[in-house]
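With positions in the sequence shown counted from 1, the corresponding number in the working numbering is that position plus 543.
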Amino acid sequence: MTDLVILIILIGLIITYIYVVVKRKKKEKEMQMEPAVIEKLKPDTELELLKKQHFMEKVKEKSNREIEAHLVDYSVYRLTIKEYFFYAILAAIVFFFIGYLFYESFIVSFILAGLGFFYPKIQKKKLLEQRKEKLKVQFKEAIASLSSSLAAGRSIENSFKEVVADLYLLYPDPNTYIIREFEIINRRIENGETVENAIRDFSVRSDIEDIINFANVFITCKRTGGNLVEVIRRTSDIISEKIDIQQEVSVMIAQKRFESRILSVAPLGMILLLKYSAGDYLAPMYEWSSSGPIIMTVCLAILLFAYWLSQKIMNIKV
């Protein structure tokens, strides 16, 4: 019976992993879809010209509504119901397996499995940080393009439009965070809103220190009439260097982070190996009349503390 339960759990973990991989690949394919392109036709008559202008105005109005309706607050991440139950069930399966491996008791295993429904909160924080990191790296490319456009003598408004064109060369997906944000800025400028207000709104929603600092420098320089080109160039260099250092640190500790995860899983593999190869050796640890379960609880607590400490050490921020 025990072998059958563990086998079912392992099969469930394998199926879940395959599902995650397939879902990720499907999402990557969907992100490669290009936006519809409106063909430009030469009007033969004045009536056709008016129809085309009216059609283009409707398309532009629809585009504005779609962009304005998708203002993202990067300080908050909301899981969908599907994502919540996916992460909760996945964590419940893992905790059930760990509980049965350490205690060989269905009661304890189901109690630990219930803790899996608290895991989506932890995963939500991870996804929030990942989204901010993506936006930060994308902003680095955007500000470098903005600096180049201003240095070439373009106006601020035209420079922001040029940034969007450059970003499309780097990120073909129109739903890329930074492309959507700069398109929103351009729409607001076209609607008569000041550049300062558009950038300030983006910086507040981003909740990223580098973007907030850039917005403050840009607004101050614009109001005081300073050398905007030089200020943005130096700000761009500073932000780019900071992000480059962060990426170098991430690359340096990537191997250590992987090793720490392997070391965290290795004790589980050792217990599983001993359980099947030398069941009598571990039998006293599962007798509730003795101190075996207490020892297993202490070992599990040490493993959890070691994993938490390793992640804390490698969480290096620049």
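The beta-carbon is built from N, C-alpha and C at its ideal position, and this holds for glycine as well. All of these numbers come straight from a predicted model, not from anything done at the bench.
Taking a contact to mean a Cβ-Cβ separation below 9 Å, would you say GLN666 touches LEU710 in this structure? no
What does the alpha-carbon distance come out to for the pair SER779 and LEU693? For the pair SER779 and LEU693, the Cα-to-Cα distance works out to about 12 Å.
Within a Cβ cutoff of 8 Å, which residues of the same chain sit near SER783, ignoring the five residues on either side of it in sequence? LYS683, ILE686, ALA687
What did DSSP end up calling HIS837 once you bin it into helix, strand or coil? First, the residue type needs correcting, since residue 837 is Ile and not His in the sequence shown. DSSP places ILE837 in helix when its eight states are reduced to three.
On a Cα-Cα basis, can you pick out the residue from ILE754, ALA797, THR763 that is closest to ILE786? ILE754
So the candidates are LEU678, GLU736, PHE628, ALA849; which of them puts its Cα closest to the Cα of PRO663? By alpha-carbon distance to PRO663, the top candidate from LEU678, GLU736, PHE628, ALA849 is PHE628.
Please classify GLU647: does DSSP put it in a helix, a strand, or coil? coil
On the three-state DSSP scale, how would you describe GLY812? helix
Same chain, Cβ closer than 8 Å to GLY835, five either side skipped, listed in chain order: PRO827, MET828, TYR829
For ILE728, count neighbouring C-beta atoms within 10 Å of its own C-beta (all shown protein chains included) and say buried if the count is 16 or more, exposed if not. Result: buried.
Kindly list the residues whose CB is nearer than 8 Å to the CB of VAL841, restricted to its own chain and excluding five residues on each side of it in sequence; keep chain order. none
Going by DSSP in three states, PRO717 sits in which element: helix, strand or coil? coil
Following the continuous alpha helix (DSSP H) through ILE489, name the residue where it begins and the one where it ends. Any property of residue 489 remains undetermined from this structure, which presents the chain solely from 544 to 861.
Helix, strand or coil: which one does DSSP assign to GLN854? helix
Coil, strand or helix - VAL637 by DSSP: helix
C-alpha distance - LEU653 paired with PHE645, whole-angstrom precision: The identity of residue 653 in the sequence shown is Phe, whereas the question assumes Leu. Their Cα atoms are separated by approximately 13 Å.
For ILE814, which residues in the same chain have their Cβ closer than 8 Å to its Cβ, ignoring the five residues on either side in sequence? LEU644, PHE645, LEU825.
My assumption, with CB atoms under 8 Å, is that ILE781 sits in contact with PHE761. Please give the rounded CB distance. So it is not a contact: roughly 13 Å between Cβ atoms.
Could you pull out every residue in the same chain whose Cβ sits closer than 8 Å to the Cβ of GLU733, ignoring the five residues on either side in sequence? The answer is none, since no qualifying residue turns up.
Which residues bound the alpha helix (DSSP H) around THR623? That residue, THR623, is in no alpha helix (DSSP H); it is neither H nor E in DSSP.
For the alpha helix (DSSP H) containing SER692, list its first residue and its last residue. Element bounds for SER692: 662 to 694.
Express the C-alpha separation of PRO717 and GLU577 in angstroms, rounding to a whole number. With a pLDDT of 40 at GLU577, under the threshold of 50, the modelled position of that residue is not reliable, and no figure is offered here.
So, using beta-carbon positions, are PHE703 and VAL738 closer together than 9 Å? In this structure, VAL738 lies closer than 9 Å to PHE703 by Cβ.
Hey, would you say GLU724 sits closer than 9 Å to PHE745, going by beta carbons? A Cβ-Cβ contact shorter than 9 Å links GLU724 with PHE745.
With a 10 Å radius around its C-beta and 16 neighbouring C-beta atoms as the bar for buried, classify ALA635 as buried or exposed. buried
Might you give, ordered along the chain, the residues of its own chain that have their beta carbon closer than 8 Å to the beta carbon of LYS818, omitting 5 neighbours on each side? LEU644, LEU825
Here's the rule: buried if 16 or more other CB atoms are within 10 angstroms of the residue's CB, otherwise exposed. What is GLU791? Exposed is the label assigned to GLU791, since fewer than 16 other Cβ atoms lie within 10 Å of its Cβ.
Quick one: what's got a C-beta closer than 7 Å to ARG608's C-beta in the same chain, skipping five residues either side? Residue placement at ARG608 cannot be trusted, given a pLDDT of 48 that sits under 50; the coordinates are not used to answer.
Going by DSSP in three states, LEU614 sits in which element: helix, strand or coil? coil
What residues in its chain sit with their C-beta under 7 Å from that of LEU655, if we drop five residues either side in the sequence? PHE638, PHE639, ILE641, GLY642
List the whole-angstrom C-beta distance separating TYR617 from ARG674, where the pair is believed to meet the contact cut-off of C-beta under 8 Å. 6 Å
Can you tell me whether LEU584 is buried or exposed? The criterion is at least 16 other CB atoms within 10 Å of its CB, across all chains shown. Because the pLDDT at LEU584 is just 37, under 50, the model does not fix this residue reliably, and the value given afterwards should be weighed accordingly. Exposed: under 16 other Cβ atoms inside 10 Å.
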